[in-house]
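Q: Taking UniProt numbering, I'd label the letters of the sequence shown as residues 1 to 110.
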Amino acid sequence: MAHAPAYSHANFISGFPEVEFGRGADGLLVARAGDTAFAMAPDRDGRHYLATGWRIRRPIAEWTRSDFYGHCGELADEAAFRAKVEENAGHSQEKRALARREIRSTANTP
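1. Does the segment 25-42 come within contact of the segment 65-85, defined as at least 3 CB pairs closer than 8 Å?
2. Specify the secondary structure class of Ala79 as computed by DSSP and reduced to three states.
3. Give me the residue from Arg44, Ala79 and Gly46 with the minimum Cα distance to Val30.
4. Please say whether Phe68 and Gly46 have beta carbons closer to each other than 8 Å?
5. Straight-line CA distance for Thr106 to Ala76?
6. Excluding the five sequence neighbours on either side, which residues of its own chain have a C-beta within less than 7 Å of the C-beta of Tyr49, listed in chain order?
7. Starting from Leu50 and walking both ways along the beta strand (DSSP E), at which residues does that stretch end?
8. Just grab the DSSP bridge partners of Ala37 for me.
9. Which of the three DSSP states, helix, strand or coil, is assigned to Arg65?
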């Protein structure tokens, strides 16, 4: 089965995260923005939802549905999928711009 090649759309303001769209091994529309992976996954009713994964190191063309574990709401179509991925990439850029330091704590909470 032939799949469309992966292609990238870089955010030229910051240069990161680069957003890359493509098709996974099982035909799903997938994307990567930094370490976050996204898929437009079908459900039993013919609708689609946004599935997420983290740090999938293989090439996009090798990704399958089993690589994704998060569920982030329903998607109307491919344009909605692309918009959600771009929105997430923009949000990640904004968080990085805050330049916050991450502090580890050994304190436990109840």
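Glycine included, each C-beta is placed from N, C-alpha and C at the ideal position.
A: In short, the structure shows the following:
1. yes
2. As a working mapping, residue 79 is identified with position 79 in the sequence shown. Ala79: helix per DSSP, three-state reduction.
3. Looking up residue 30 in the sequence shown gives position 30. It is Ala79.
4. Counting from 1 along the sequence shown, the entry for residue 46 is found at position 46. Counting from 1 along the sequence shown, the entry for residue 68 is found at position 68. No, they are not a contact pair.
5. Start at 1 with the first residue of the sequence shown, and residue 106 comes out as number 106. Start at 1 with the first residue of the sequence shown, and residue 76 comes out as number 76. Spanning the two alpha carbons is a distance of roughly 43 Å.
6. Within the sequence shown, the letter at position 49 stands for residue 49. Only Ala41, Asp43, His71, Gly73, Glu74 and Leu75 meet the Cβ criterion.
7. What you label residue 50 is simply residue 50 of the sequence shown in a count that begins at 1. Per DSSP, Leu50 belongs to the beta strand (DSSP E) from His48 to Trp54.
8. As a working note, residue 37 is residue 37 in the sequence shown. Per DSSP, Arg32 and Gly53.
9. Here residue 65 corresponds to residue number 65 of the sequence shown, with the count starting at 1. Reduced to three states, the DSSP call for Arg65 is helix.
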